[in-house]
Amino acid sequence: MAANEADGPRNAPCFTDGATTHVDDAIDGMLFCNPQLVELEGRREHGMRVIVRGDWSRDTTDHVAIVSGGGSGHEPAHAGYVGAGMLTAAVCGDVFASPSVAAVLAAIAATARPGGPGALLIVKNYTGDKLNFGLAAEKARAAGIAVRIVHVADDAAVDGGRITGRRGLAGTLLVHKCAGAAAARGACLSDVAAAAEAAAAAVATVGVSLTTCSVPGAPRSRRLDNPHTVELGLGIHGEPGREAITLPSATDLVDRVMTVLSAAPALSKPVEEGGSVPPLALLVNDLGACSGLEQAIIAGAAARWLSSRGRRVALAACIRGMTAIDMRGFSVTIMSLSPAVQELVEAGTEAPAWVPLRRPVAAPRTVPLPRLAAEASSADPWFPGQGGSGPALDGAAARLAARCLWAAAAAVGSSEASLNALDAVSGDGDCGATASKGACAVAAVADASLSRAGVPSDEVSLMRREAMAVGRATASTLLPKFAGDEAKPPSAPTPWGADGSAAGSAAGPAADLTQLAALLRACEAAVSRSMGGSSGVIQALLFAAAAAAAAAAVGTDGGDGSGAGATAAGARGSDGAVSLAARAAKAGVAAVMAAGGASPGDGTMVDALFPAAEALERVALAGGSAVEAARAAADAAAAGAEATQGKAAAAGRASYVGTAEAAAAADPGAVAAALWVHAVASVLSDAAMTQG
């Protein structure tokens, strides 16, 4: 009978063939992928999991053997670091359990001979490891093998007291590296041990995690189930750390980590005998489930923290080296680098899991921007300037167009959370965030354009606030139809200033709102720069095709290239303006359909855009006003978006998801399109009422 939540914690789900075989199964796979490594025979029969360099001969070698190990679950440590220049052998225990004395003794005896160069054991400072490796060392010495032990206790967050001491963490890998490099150079056992001891004394680590770890086959721990809490200083077996805190930003979290690290014995006395401050090595380690994206952010924040305090990072790397199975966390290791230690860290190795630490640069190096890319981001291809083509708009129409842009941007931007929630059902949950970036960019086009036209800033600010209020009201009215329980209260998008201005948004070259084609091209450039993914290119296609249609309308509406046919009155609602809008919309939707392959009914943005364009065309043919056209388009877009509920998507990323939940949700792209079409219609309706 399946257990329910009341029965207690469930076993952690994992990809294994059973709790009794997972360590041996993992070793089988590791050895298959690394044929340069060998193992002692009889592993499954005797339980001695010892991985050895395939090129090592204990009977003829004149080099010191480096042996380490511990419980499994920290992969690739320790077996992944067996190779020339690092470990000679690694001993693997059960998950989070020290290997037996017999297994450690077997590793020593397999790599070092009586009367030979000897073996150095590198042991993380845990009681079980110290006892088992220590007793094995005594037995080996009794057999005539020279053995030294170096304990690694690099945990800077938690001090276990005089007897237990600090725990061994990811800094152990750097000790492996230094000892292995010294041994590879032919150093004697005393010198190799001294190199390892110097490395162990120079290293400090702090771990951070959002979760504990899940041992295969064991009940899942719920100690850190609060998604808003992060624990500072927990160990690589899920042991409690220094403190649990509310999850801050990455920069603030790293600041706390680095503050703890800076007080560690390895770093609290940074001045060398000669009076200089030694450089540092920086190691950001994935504890099991920390993404590469997050690791890079953490590394950058740590580097900035050190730089701001006058400490130079000479070597750096992001690794997945000392894990805790599936722990959702990271550790930061700092190592003080004397010239001798740095030379050992940078020495070559054949260990399959070792990631070389690189010498960072103070600032990213650049290469010239290709001409094609430079032209695409410049003003010349997109803004005709004086004498350009396209229907001319007067000052009032320019202000009206700006208000439409602001309202549409506010409707979409303030719906970010709801659009993300809809997208999370069948996609990657970023539709709202992406759309909000585009909204900010389009709003910035309106800001810069009116500024260029000389409109007073207080007038611009007032128009912007009023238009954005219309957009947010539109979102409040329309969102519940699509988002249901997922609807979030509309709010000002975070990149915008208090007055709704697109703070921090790069508007690029100012677009001249006195020309519709230039306006549409400016919007194309803005969304191209600001929006990623398919939605960005789709909207860019939409604006580009509409701009081309507007430019082509010169010959039809005016015939002289001046745009005289599309006068100010036309922009406010004549048959010519509605016809122009219909042609531009139809052209844009056709371009989107041709590029993306979606058709009406496929459950995409097209389901809202296509009927909206059709509605514009119908009103244009009937001689309706701009307000009538906008209202018809808005109703059609909303109906089209609403129709995406209850059916599976046939195109886009959502088409890969066949769940009933995904089919029940409205397409977020269609909802976003309906929002901005409705916002534009609301602005035009308000303008008509004001004029009336």
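Using full-length UniProt numbering, you'd call the opening residue of the sequence shown number 1 and step up by one each time. Even glycine gets a Cβ: it sits at the ideal position worked out from N, Cα and C.
What residue from 327, 540, 362 and 640 has the CA that sits closest to residue 213's CA? 327
Could you pull the DSSP bridge partners for residue 581 from this structure? Residue 581 is not bridged to any residue.
Considering only C-alpha positions, which residue in the set 66, 93, 142 and 359 is nearest to residue 110? 66
Is the region 111-130 in contact with the region 144-157, if contact means three or more CB pairs nearer than 8 Å? Taking a cut-off of 8 Å for Cβ pairs, the region 111-130 and the region 144-157 touch, as three or more such pairs fall below it.
Am I right that residue 431 and residue 535 are in contact with their C-beta atoms under 8 Å? What's the rounded C-beta distance? 7 Å
Could you work out which residue in 445, 238 and 523 is closest to residue 288 when comparing CA atoms only? 238
For residue 492, three-class secondary structure by DSSP: For residue 492, the predicted structure reports a pLDDT of 49, less than 50, and the residue's modelled location is therefore unreliable. A value from the coordinates is still provided. For residue 492, the three-state secondary structure derived from DSSP is coil.
Run through the DSSP bridge pairs and tell me what residue 124 is partnered with. 152
What residue range is occupied by the uninterrupted alpha helix (DSSP H) comprising residue 86? That residue, residue 86, is in no alpha helix (DSSP H); it is neither H nor E in DSSP.
Whole-angstrom Cβ separation of residue 550 and residue 517, contact assumed at under 8 Å? Contact between residue 550 and residue 517 holds: their C-beta atoms lie close to 4 Å from each other, under 8 Å.
Beta strand (DSSP E) containing residue 613: first to last residue? Judged by DSSP secondary structure, residue 613 falls outside any beta strand (DSSP E) and instead within the alpha helix (DSSP H) spanning 606-621.
Outcome for residue 519 when other beta-carbon atoms lying within 10 angstroms are tallied against a minimum of 16: buried
DSSP puts residue 205 in a beta bridge; with which residues? 155 and 333
In the structure shown, what three-state DSSP assignment does residue 132 receive? helix
Report the residue ranges of all alpha helix (DSSP H) runs contained in full by the region 251-321; include only those spanning at least 4 residues, in chain order. 265-268 and 292-308
Assuming residue 14 and residue 216 form a contact by the criterion Cβ under 8 Å, report the distance between their Cβ atoms to the nearest whole angstrom. 5 Å
With DSSP collapsed to three states, give me the class of residue 485. At residue 485, the pLDDT of 49 sits below 50, so the modelled position is not reliable; the number obtained from the coordinates is stated separately. In this structure, residue 485 counts as helix in the three-state DSSP scheme.
With respect to 6 Å, is the separation between the Cβ of residue 200 and the closest non-hydrogen atom of the ligand HEM below this value? The ligand HEM is not among the ligands present in this structure, which contains no ligands whatsoever.
Using a 10 Å radius around the Cβ and a threshold of 16 neighbouring Cβ atoms, would you call residue 471 buried or exposed? Counting of Cβ neighbours within 10 angstroms places residue 471 among the buried residues, the total reaching 16 or more.
Taking just the CA atoms, how far does residue 340 sit from residue 541? Their backbone Cα atoms lie some 58 Å apart in a straight line.
Near residue 356, which residues of its chain fall below 8 Å by C-beta distance, leaving aside the five closest residues on each side in sequence? 317 and 346
Quick check on residue 447: does DSSP put it in helix, strand or coil? helix
For a test of the three-state rule: what should DSSP assign to residue 423, helix, strand or coil? helix
If you follow the beta strand (DSSP E) that residue 104 is in, where does it begin and where does it stop? Careful: residue 104 lies outside any beta strand (DSSP E), inside the alpha helix (DSSP H) at 101-111.
With DSSP collapsed to three states, give me the class of residue 195. helix
So, is the C-beta of residue 464 closer than 7 Å to a C-beta in chain E? This model lacks chain E altogether, as it is built from one protein chain only.
Using 8 Å as the threshold, is the region 172-189 in touch with the region 250-267, meaning 3 or more CB pairs across them? no
Do the CB positions of residue 51 and residue 82 come within less than 7 Å of each other? yes
Does DSSP classify residue 232 as helix, strand or coil? strand
Nearest-angstrom Cα separation, counted from residue 59 out to residue 241: 45 Å
Could you please give the first and the last residue of the uninterrupted beta strand (DSSP E) stretch that includes residue 601? Here residue 601 belongs to no beta strand (DSSP E), and DSSP marks it neither H nor E.
Close Cβ partners of residue 113 (< 8 Å) along its chain, the five nearest in sequence each way excluded: Counting only Cβ-Cβ distances below 8 Å, and skipping sequence neighbours, we find 58, 59 and 145.
Secondary structure of residue 325, DSSP reduced to three states: coil
Can residue 297 and residue 351 be called in contact, C-beta distance under 7 Å? Result no, Cβ atoms of residue 297 and residue 351 do not sit closer than 7 Å.
Distance check for residue 685 and residue 573, CA to CA, integer angstroms please. Interpretation of residue 573 is limited by its pLDDT of 40, a score under 50 that renders its predicted location unreliable; no figure is taken from the coordinates.
I need the DSSP call for residue 675, collapsed to helix, strand or coil. helix
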